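There are 4 protein chains.
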Amino acid sequence: MCRWAAYIGQPCFLEDVVTRPDHSLIHQSIQATECKTQTNADGVGLAWYDHRPVPGLYRDTHPAWSDPNLKSLTAQVRSRLFLAHVRASTGTATSRNNCHPFVVDNWAFMHNGQVGGFEKFRRRADMLIPDELYHERKGATDSEVLFLLGLSEGLDERPLEAMEIVVGLLQRMSRNKGCKPHIRLAAAFSDGEKLYAVRYASDDHAPTIYHRWSKSRQGRAVVSEPLVQTERDWQAVPPGSFCTFTETDVEIQPFRPLL
Amino acid sequence: MCRWAAYIGQPCFLEDVVTRPDHSLIHQSIQATECKTQTNADGVGLAWYDHRPVPGLYRDTHPAWSDPNLKSLTAQVRSRLFLAHVRASTGTATSRNNCHPFVVDNWAFMHNGQVGGFEKFRRRADMLIPDELYHERKGATDSEVLFLLGLSEGLDERPLEAMEIVVGLLQRMSRNKGCKPHIRLAAAFSDGEKLYAVRYASDDHAPTIYHRWSKSRQGRAVVSEPLVQTERDWQAVPPGSFCTFTETDVEIQPFRPLL
Amino acid sequence: MCRWAAYIGQPCFLEDVVTRPDHSLIHQSIQATECKTQTNADGVGLAWYDHRPVPGLYRDTHPAWSDPNLKSLTAQVRSRLFLAHVRASTGTATSRNNCHPFVVDNWAFMHNGQVGGFEKFRRRADMLIPDELYHERKGATDSEVLFLLGLSEGLDERPLEAMEIVVGLLQRMSRNKGCKPHIRLAAAFSDGEKLYAVRYASDDHAPTIYHRWSKSRQGRAVVSEPLVQTERDWQAVPPGSFCTFTETDVEIQPFRPLL
Amino acid sequence: MCRWAAYIGQPCFLEDVVTRPDHSLIHQSIQATECKTQTNADGVGLAWYDHRPVPGLYRDTHPAWSDPNLKSLTAQVRSRLFLAHVRASTGTATSRNNCHPFVVDNWAFMHNGQVGGFEKFRRRADMLIPDELYHERKGATDSEVLFLLGLSEGLDERPLEAMEIVVGLLQRMSRNKGCKPHIRLAAAFSDGEKLYAVRYASDDHAPTIYHRWSKSRQGRAVVSEPLVQTERDWQAVPPGSFCTFTETDVEIQPFRPLL
Chain A
1 MCRWAAYIGQ PCFLEDVVTR PDHSLIHQSI QATECKTQTN ADGVGLAWYD HRPVPGLYRD
61 THPAWSDPNL KSLTAQVRSR LFLAHVRAST GTATSRNNCH PFVVDNWAFM HNGQVGGFEK
121 FRRRADMLIP DELYHERKGA TDSEVLFLLG LSEGLDERPL EAMEIVVGLL QRMSRNKGCK
181 PHIRLAAAFS DGEKLYAVRY ASDDHAPTIY HRWSKSRQGR AVVSEPLVQT ERDWQAVPPG
241 SFCTFTETDV EIQPFRPLL
Chain B
1 MCRWAAYIGQ PCFLEDVVTR PDHSLIHQSI QATECKTQTN ADGVGLAWYD HRPVPGLYRD
61 THPAWSDPNL KSLTAQVRSR LFLAHVRAST GTATSRNNCH PFVVDNWAFM HNGQVGGFEK
121 FRRRADMLIP DELYHERKGA TDSEVLFLLG LSEGLDERPL EAMEIVVGLL QRMSRNKGCK
181 PHIRLAAAFS DGEKLYAVRY ASDDHAPTIY HRWSKSRQGR AVVSEPLVQT ERDWQAVPPG
241 SFCTFTETDV EIQPFRPLL
Chain C
1 MCRWAAYIGQ PCFLEDVVTR PDHSLIHQSI QATECKTQTN ADGVGLAWYD HRPVPGLYRD
61 THPAWSDPNL KSLTAQVRSR LFLAHVRAST GTATSRNNCH PFVVDNWAFM HNGQVGGFEK
121 FRRRADMLIP DELYHERKGA TDSEVLFLLG LSEGLDERPL EAMEIVVGLL QRMSRNKGCK
181 PHIRLAAAFS DGEKLYAVRY ASDDHAPTIY HRWSKSRQGR AVVSEPLVQT ERDWQAVPPG
241 SFCTFTETDV EIQPFRPLL
Chain D
1 MCRWAAYIGQ PCFLEDVVTR PDHSLIHQSI QATECKTQTN ADGVGLAWYD HRPVPGLYRD
61 THPAWSDPNL KSLTAQVRSR LFLAHVRAST GTATSRNNCH PFVVDNWAFM HNGQVGGFEK
121 FRRRADMLIP DELYHERKGA TDSEVLFLLG LSEGLDERPL EAMEIVVGLL QRMSRNKGCK
181 PHIRLAAAFS DGEKLYAVRY ASDDHAPTIY HRWSKSRQGR AVVSEPLVQT ERDWQAVPPG
241 SFCTFTETDV EIQPFRPLL
């Protein structure tokens, strides 16, 4: 598993979401509470939108809690839309290219969960990536494939449908060649305009997603687990949901991949 | 805190102690049981004696559990005497020079514990290191200072007395300038001939040390916590002890630093 | 480009080939003389055969010249057959899984050179890797593909023919989809019994390979460039050659891939 | 040796100085032209002033040319005052804490050059650092000491005099205990308001410093070597100079340390 946190709204320092809260993402890298793996120390990553259409990207393989670059970056960079992730590997190597978020052009994508038995059919999954996107396939994770296939299925024009197709595809491959649980997915992604999230599983254990509007910051945090555990107004996203967050709104639709 | 494991006896593969047992050092890097910090992921190190008087040394800053080099090395290298360590930083940076074991000439040293408030008097501690040893002061840990001061006080000729002097010195400095707990120490060190260990604290919480003779391997493991939790014949070293392990024997003497 | 050095013969310390000579592999990582890239600082790797059928493997992403683990390992480990490599990336990321040598079971493989325009047809090349070997495809280099395809074409039974097929295949793909120079190859690989090397190019610039029998060591070094530049008895391997080195002999056959 | 580049003026993207020019700092990490060491691949660092009094700091141990984080950061971050450095170690370990720039509170400092035989009197140099600054002594470089001693001698109130004292001090120590050349110094540092630089040597080989006002950017670059080698209007700073750069001006005074 992994833990992640995202934000969309008025610009704020990345640290307000990533490092400063009581149960910040850094704290969750040491001691997550709603996660199969308490420790998420196989890498860290940040993607943030600022002056350019393409986001900035910082990824490293060390645990987040001791990363001085992360500490400094989050204290210095302000952004209206960003994604942050701490990794617990489900098998693949610890390397920068296996850390999230993944970035292709203006899209950033991160994932918590797994595709069951992925290593058994990784080749077939890789083969579904079209030629023109294959140069973006740099690592060996199921997460990177979810993202690249999503892009090839039309993440730009119809993100919900694209992800339904892709998740359905990988779920089916796992049923044929992989193992249970076939898919568990809490993903967040953005094109720099909107922030999207999906919560889904082939069984009853879809990894959690919460969100909360902050009056003081005038923005919304979307997270794996609440950043301040005593705050009672974190809203849980139901399993089987596709969320679209704008600067001020949230829309939740059913997420029903092809089985 | 940290966790460590050492071995002296007939040559065996490092993995027999470091990676293969149920509750190996790798397992303890993820989930230690008798340790304040469950996770020990701020680096890993191995020192092993083989063809040369000076030991081989491997240290890296990544968590032990995902380190492919560690896995391969421990599976390939055989040694009659080795030290292995997984680190949980007590404040200093994650860097190779702050990982244990430390090696100076034929001596290797590793430590679990801390000197209370060390950062407040690090300068005074550094100042005690004689000119001829200062080039070996490469990091900023209290552990490296314990070692270098031990060497300067005569670790070669009289290891017990040398460590009593040094531990007393740092304990006193902590009382003057630092904070409680003044010192907690479970250290293991070797000159390539014998293996030494010290268990001591200024309060009631000296980090644990156990040892066990293996008939099959014809050697002895000396560890922070038993490598196989169901094995009942691990012998606990009492607090306030100085141990001398040879290929076949163990001698335990009282350890009484100057207060 | 990259630089490499290998050895087969009576056991010797790795450092005798990798770090100690005047123009050692470490020196070549800073200042190669017969190489397009003078600096080869995108990673380092060692594979050595000792107690086990599978070799030990050490790989890191930092330049070889400052790597303390490499220094220590090469001074401590003795082996009768080993491969060492310093990397200059031709485009792919700096990560452990893109460093050489690559190891699959008892085979180790390293490469200097490139497949022209590989990134344009990487997907098709990856597709040729059979299911049962795909889990070994961990990075994105052309070198790793050369190796995995070689294994799938029968490196075990008929190494020369297997490599002729594979090199021919990639050469043709480069002609169709890639760019000039289509392939330049100086590769060394071993199954733990014999050491093989291939020198080939689709143009006139096949990267160099030399070898030299050492009377004192009773073994043979096979290298990109002579380890001691004043030694006159390094024998150059002609382009279009497939070499088989045993503990005492060398056999050189023509290497003629399908075009 | 090392190479560095700094900027002060109207905000611009870091990449305009660090990565984009023909002979950018990245290019100089591979192939410097006015430097003893052509390759400067023992680490990279950026310090930049933006929303806060303290600068952001990014440092890593890998060569600059392959660092994806550096590429992304410099493309995304805009700043009115920043320092960037690529390192060639003069002996100390490759670790983040030995990379430049060094940051203490609002001060950032970087250095190209060395103190002759520093390792022989490092202890005495370390001992000059006052208690209240010693916690900032994290590595083992002469550069970090130059900085910390400069701070203790009054870098805040009288930067020129402070550096004259410190350089004189270390020059004298090198004469007593070290070796020739006693000191070579091209340093740049800032408090977030002004940018300072010093060019000095105890012999005839003070490392170079140039500066150039950019009309388009409305800011000034201060560098080890010109970023675009065909631009003729880079002004060389004479040896024995102390420079003060503001947003629009430059003042150069003689730099005369105590001998």
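Protein chains in written order, with our numbering: chain A, 1 to 259; chain B, 1 to 259; chain C, 1 to 259; chain D, 1 to 259.
Glycine included, C-beta positions come from ideal geometry on N, C-alpha and C.
As the structure is a prediction and not an experimental result, all values here were calculated from the model.
Here's a check: name, in chain order, each residue in its chain whose Cβ is nearer than 7 Å to the Cβ of residue i, leaving out the five neighbours to either side.
i: K120 of chain D; result: K177 and G178
i: L151 of chain A; result: V104, W107 and L133
i: P63 of chain B; result: S29 and A41
i: L195 of chain B; result: A6, I8, L81, A188, V222 and F245
i: A32 of chain A; result: R3, Q38, N40 and E225
Does any residue of chain D bring its CB to less than 8 Å from the CB of residue i?
i: Y58 of chain A; result: yes
i: D142 of chain C; result: no
i: A93 of chain B; result: yes
i: R96 of chain A; result: yes
i: D42 of chain C; result: yes
i: H264 of chain B; result: Outside the shown range of chain B (1 to 259) lies residue 264 of chain B, about which nothing can therefore be said.
i: K138 of chain B; result: yes
Could you tell me if the beta carbon of residue i falls within a distance shorter than 7 Å of some heavy atom in the ligand SAM?
i: V237 of chain D; result: Only the bare structure without any ligand can be found here, which leaves the ligand SAM out of the picture.
Based on DSSP bridge pairs, tell me the residues matched to residue i.
i: R184 of chain C; result: C:Q114 and C:A201
i: E251 of chain D; result: D:T244
i: K48 of chain B; result: Inspection of the sequence shows that residue 48 of chain B is occupied by Trp rather than by Lys. Note: W48 of chain B sits in a beta bridge opposite B:G56 and B:F82.
i: I8 of chain B; result: B:L81 and B:R220
i: A236 of chain D; result: D:Y210
i: F189 of chain A; result: A:F109 and A:Y196
i: F13 of chain A; result: A:R78
i: R3 of chain D; result: D:V86
Would a check of beta-carbon distances place residue i closer than 8 Å to chain C?
i: H62 of chain D; result: yes
i: S89 of chain D; result: yes
i: N176 of chain B; result: no
Beta-carbon within less than 6 Å of residue i's beta-carbon, same chain only, minus the 5 sequence neighbours each way: which residues are those?
i: F13 of chain D; result: R78
i: I30 of chain D; result: W65
i: A260 of chain A; result: An answer regarding residue 260 of chain A cannot be provided, because it is not within the stretch 1 to 259 covered by chain A.
i: F147 of chain B; result: F102 and F109
Excluding five sequence neighbours on each side, which residues of the same chain lie with their C-beta closer than 8 Å to the C-beta of residue i?
i: G240 of chain D; result: R199, Y200, A206, P254, F255 and R256
i: P238 of chain A; result: R199 and I252
i: L73 of chain C; result: L14, L46 and Y58
Answer yes or no: does any C-beta atom of chain A fall closer than 8 Å to that of residue i?
i: S66 of chain B; result: yes
i: Y134 of chain C; result: yes
i: S72 of chain D; result: yes
i: H51 of chain D; result: yes
Under a CB-based cut-off of 8 Å, is residue i close to chain B?
i: Q76 of chain C; result: yes
Mind listing, in chain order, the continuous beta strand (DSSP E) runs of no fewer than 3 residues lying wholly within the stretch 89-144 of chain C? Counting only unbroken stretches of 3 or more residues, the beta strand (DSSP E) elements lying wholly within the stretch 89-144 of chain C are 102-104 and 107-115, in sequence order.
If the cut-off is 9 Å on Cβ atoms, which residues from the stretch 104-131 of chain C count as contacting chain A, listed in chain order? E119, K120, F121, R122, R123, R124, D126, M127, I129, P130 and D131
Mind checking the stretch 14-40 of chain C against chain D and listing, in chain order, the residues whose C-beta falls within less than 7 Å of any C-beta there? I30 and T39
Counting only runs of 4+ residues fully inside the stretch 150-185 of chain A, write out the alpha helix (DSSP H) ranges in chain order. 159-177
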